[in-house]
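Peer 1:
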Amino acid sequence: GDSVTQMEGPVTLSEEACLTINCTYTATGYPSLFWYVQYPGEGLQLLLKATKADDKGSNKGFEATYRKETTSFHLEKGSVQVSDSAVYFCALSDQLGNDMRFGAGTRLTVKP
Amino acid sequence: DAGITQSPRHKVTETGTPVTLRCHQTENHRYMYWYRQDPGHGLRLIHYSYGVKDTDKGEVSDGYSVSRSKTEDFLLTLESATSSQTSVYFCAIRSAVSYNEQFFGPGTRLTVL
Numbered sequence: 034g035d036s037v038t039q040m041e042g043p044v045t046l047s048e049e050a051c052l053t054i055n056c057t058y059t060a061t062g063y064p065s066l067f068w069y070v071q072y073p074g075e076g077l078q079l080l081l082k083a084t085k086a087d088d089k090g091s092n093k094g095f096e097a098t099y100r101k102e103t104t105s106f107h108l109e110k111g112s113v114q115v116s117d118s119a120v121y122f123c124a125l126s127d128q129l130g131n132d133m134r135f136g137a138g139t140r141l142t143v144k145p
Numbered sequence: 344d345a346g347i348t349q350s351p352r353h354k355v356t357e358t359g360t361p362v363t364l365r366c367h368q369t370e371n372h373r374y375m376y377w378y379r380q381d382p383g384h385g386l387r388l389i390h391y392s393y394g395v396k397d398t399d400k401g402e403v404s405d406g407y408s409v410s411r412s413k414t415e416d417f418l419l420t421l422e423s424a425t426s427s428q429t430s431v432y433f434c435a436i437r438s439a440v441s442y443n444e445q446f447f448g449p450g451t452r453l454t455v456l
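Keeping their order, the protein sequence lines are chains A and B. All residue numbers for the first sequence refer to the numbering used here, where the first residue is 34 and numbers rise by one. All residue numbers for the second sequence refer to the numbering used here, where the first residue is 344 and numbers rise by one.
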């Protein structure tokens, strides 16, 4: 079945450092791809998404590009802040939207 | 805020006891989902519902049942809880605007001793 593999971490960075969290997927058909973020004690929040090849999702300085040729959707940010400390999940959804598969999550800690 | 609440937020129970978790939404969304979150596994779908009395199994449905008698409520039941069901449980609803976006509740932390 469809699946997502992401770099598990944890990742620790200093403020203003560059961030990349790798995500690759295996899917039949044409999935939509997502990054969700989970702050401590909270549910998941959608960070960004892309629905077709070469689409770039972006939000709050984070970006990810849907790369069909490498089956990847890596999350990037040029300058992280302490407030970005959270767990980040890569996910994919089939065309019906009911079978959402998540990666294991990557914990990011940003130190001042 | 998609108007999703979960109750209880925390529960400790003993092996073999029945447990019911409730998800309540206020925006009349048709699709609702139950996930469990475990370290190293991310979130995994347990069951989902596509309308009142219409439900289907997800990836990890064994040991769980669900019911939806009203649009606003989606119940998850562990008939006889086991320690392997210790987890954080999240309810989600599907966006009314974008079919493949889901919005999540705050979660229920369940501990089975």
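Glycine is no exception: its CB is placed at the ideal position from the N, C-alpha and C atoms. This one's a predicted model, so the numbers in the text were calculated from it and none came from an experiment.
Closer than 6 Å by C-beta to A/Thr98: which residues in its own chain qualify, once you throw out the five before and the five after it? Chain order, please.
Peer 2: Within the same chain, A/Thr98 has close Cβ partners Lys89.
Peer 1: Determine which residues share a DSSP beta bridge with A/Ser91 and list them.
Peer 2: According to DSSP, A/Ser91 bridges with A/Glu96.
Peer 1: Can you say whether A/Lys93 is buried or exposed, counting buried as having 16 or more other CB atoms within 10 angstroms of its CB?
Peer 2: Exposed, because fewer than 16 other Cβ atoms sit within 10 Å of the Cβ of A/Lys93.
Peer 1: Please report the distance separating the alpha-carbon of B/Gly359 from that of A/Arg140.
Peer 2: Distance between the alpha carbons of B/Gly359 and A/Arg140: 34 Å.
Peer 1: Is the CB-CB distance between B/Asn371 and B/Thr398 below 7 Å?
Peer 2: Not closer than 7 Å, so no.
Peer 1: Could you tell me which residues DSSP pairs with A/Met133 in its beta bridges?
Peer 2: Paired residues: A/Ser126.
Peer 1: Buried or exposed for B/Asp405, please, with buried defined as at least 16 other CB atoms from any protein chain shown within 10 angstroms of its CB.
Peer 2: Looking at its Cβ environment, which holds fewer than 16 other Cβ atoms inside 10 Å, B/Asp405 is exposed.
Peer 1: Please classify A/Pro64: is it buried, with 16 or more other beta-carbons within 10 angstroms of its beta-carbon, or exposed?
Peer 2: The residue in question, A/Pro64, is buried, as its Cβ has 16 or more Cβ neighbours within 10 Å.
Peer 1: Compare the C-beta of B/Gln385 against all C-beta atoms of chain A and say whether one is closer than 7 Å.
Peer 2: Looking at the sequence provided, one finds Gly at residue 385 of chain B rather than Gln. Judged by the 7 Å Cβ criterion, B/Gly385 is in contact with chain A.
Peer 1: Please state whether DSSP places B/Val445 in a helix, a strand or coil.
Peer 2: It is Gln, not Val, that sits at residue 445 of chain B in the sequence shown. Reduced to three states, the DSSP call for B/Gln445 is strand.
Peer 1: What residues match up with A/Leu81 in a beta bridge as DSSP calls it?
Peer 2: Paired residues: A/Trp68.
Peer 1: Count the other C-beta atoms from every protein chain shown that fall within 10 angstroms of the C-beta of A/Leu52, then say buried if there are 16 or more, exposed otherwise.
Peer 2: Buried, by the Cβ-count rule.
Peer 1: Buried or exposed: B/Arg411, going by 16 or more other Cβ atoms within 10 Å of its Cβ?
Peer 2: Buried, by the Cβ-count rule.
Peer 1: How about B/Asn371: is its C-beta nearer than 7 Å to some C-beta of chain A?
Peer 2: Not an interface residue.
Peer 1: If we call anything under 7 Å between Cβ atoms a contact, is B/Arg379 one with B/Ser430?
Peer 2: In contact: B/Arg379 and B/Ser430 (Cβ atoms closer than 7 Å).
Peer 1: Can you give the Cα-Cα distance for A/Gln39 and B/Gly383, rounded to whole angstroms?
Peer 2: Near 10 Å, if we compare the C-alpha coordinates of B/Gly383 and A/Gln39.
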